[in-house]
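Asks: Throughout the sequence shown, residue numbering follows numbering that gives the first Met the number 0, covering 0 to 102 in sequence.
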Amino acid sequence: MRIQELASYRNEKNFSSPFYAELFCDDIWGDNGEDCASVTIHPTKEGWHLHYIRTQSGIPYPFAPHTSKIVDEYEKDVNDEQFYDYLLLHNLQEAFMDYITTV
């Protein structure tokens, strides 16, 4: 995949659903919780819109109630080159290509 291909995908494909990827999901508090991050990506006229969210959920200590909280969340518009770098940074090239073939 090259940067130029991203622009053609964005302009030629009919994106009925966004691209979703889980970036990581790690245990926290021993086996009592998870720290997870995911990204949802929509094409826009000028580039790509990213919605990133990171949550922590679980039981922080024995007999505590289950908790779930948003640790970090942002939305960002990026161009094709920045999106390409984002895919490389998070090793999502293969998952994105699989998504493109199903769109």
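Every residue, glycine too, gets a C-beta built ideally from N, C-alpha and C.
#1: Expressed to the nearest angstrom, what Euclidean distance is found between the alpha-carbon atoms of Leu-22 and Phe-62?
#2: Are the CB atoms of Leu-88 and Phe-95 within a distance shorter than 8 Å?
#3: Within its chain, find whatever has a CB closer than 6 Å to the CB of Arg-9; leave out the 5 residues flanking it on each side and keep chain order.
#4: By how many angstroms is the C-alpha of Lys-68 removed from the C-alpha of Asp-34?
#5: Since Ser-56 and Gly-29 should fall inside the 8 Å C-beta cutoff, what is the C-beta to C-beta distance between them, to a whole number of angstroms?
Replies: This is what the structure holds:
#1: 30 Å
#2: In this structure, Leu-88 does not lie closer than 8 Å to Phe-95 by Cβ.
#3: Correct list, in chain order: Pro-42.
#4: 10 Å
#5: About 14 Å separates the two Cβ atoms, so there is no contact after all.
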